[in-house]
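Chemist: Numbering (the numbering used here), first residue to last: 3 to 219. Don't be surprised by glycine CBs; every beta carbon is placed ideally from N, CA and C. Before we start, here is the structure in question, set down as structure tokens.
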Ligand code: E4P
């Protein structure tokens with residue numbers, strides 16, 4: 003399972019990269035705004051800065067919502083850096099754009115996916131990644147993890163290459179559950195990744211080992 007971090011915060015991206023288990027980064031317009039990155043040139047520069055920190059894929063989202071504009075914007079994003087994956091919303095023009103990008107060898111991440119039908123369509127269009135937002139489904143009393151299972155089943159039935167990128171991951175158990183269900187990738191906050199480290203028996207065991215070592219030295 004690949005681990006992506008879902009942030010535009012360069013410090014957190016560096017911290018995750020230094021942990022040695024980071025495979026990529028996802029961003030979205032809200033995450034960029036949260037870091038105060040505004041204006042087209044600053045946004046483009048920020049994507050390049052992120053690519054220079056991590057070794058893996060970096061999702062950069064288009065703002066356009068019409069086919070022609072998405073193509074122009076997506077091509078500009080893809081040209082920024084070889085690690086860029088163009089993030090395209092799950093709308094009709096977005097599906098057409100994903101098909102265009104796929105035919106041109108430009109990798110895409112189909113975002114804002116909330117149903118198995120949408121995920122099937124994204125795969126048919128040739129998306130490199132599909133992003134089901136599990137946390138946002140949980141927020142409205144709908145089982146986000148069940149969507150991961152449904153998409154896994156459908157993609158395996160037909161051998162689709164599209165990778166399931168479990169998005170809107172909010173906590174550590176989401177990561178473990180997504181791994182059990184066979185998601186190819188998860189994207190979430192650094193805190194959720196670091197939560198995987200924690201077990202009280204590890205802390206107790208280490209304290210005891212160090213205490214016993216001191217007794218003998
Ligand atoms: C996916 O790529 C999105 O950036 C993200 O996972 C959304 O998460 P949220 O629902 O916590 O905002």
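When you measure from the CB of residue 137 to every non-hydrogen atom of the ligand E4P, does any distance come out below 7 Å?
Modeler: Yes, the beta carbon of residue 137 sits closer than 7 Å to at least one heavy atom of the ligand E4P.
Chemist: Do residue 104 and residue 76 have their C-beta atoms within less than 8 Å of each other?
Modeler: No, the pair does not count as a contact, with Cβ atoms beyond the cut-off.
Chemist: With DSSP as the reference, label residue 123 as helix, strand or coil.
Modeler: The answer is helix: DSSP assigns residue 123 an H, G or I state.
Chemist: Give me the DSSP bridge partner(s) of residue 190.
Modeler: Per DSSP, 7.
Chemist: Return yes when at least one heavy atom of the ligand E4P lies under 7 Å from the C-beta of residue 124, else no.
Modeler: No - the ligand E4P has no heavy atom lying nearer than 7 Å to the Cβ of residue 124.
Chemist: By Cβ distance below 8 Å, which residues in the same chain neighbour residue 23 in space, the five residues on each side in sequence not counted?
Modeler: So the qualifying residues of the chain are 5 and 195.
Chemist: Among the candidates 10, 147 and 179, whose CA atom is the shortest distance from the CA of residue 34?
Modeler: Among 10, 147 and 179, the Cα nearest to that of residue 34 is on 10.
Chemist: How about residue 130: is its Cβ closer than 7 Å to a heavy atom in the ligand E4P?
Modeler: No; taking the cut-off as 7 Å, the Cβ of residue 130 has no heavy atom of the ligand E4P nearer than that.
Chemist: Using a Cβ distance threshold of 8 Å, determine whether the stretch 72-89 contacts the stretch 31-50, with at least three qualifying pairs required.
Modeler: Contact holds: three or more Cβ-Cβ distances are below 8 Å.
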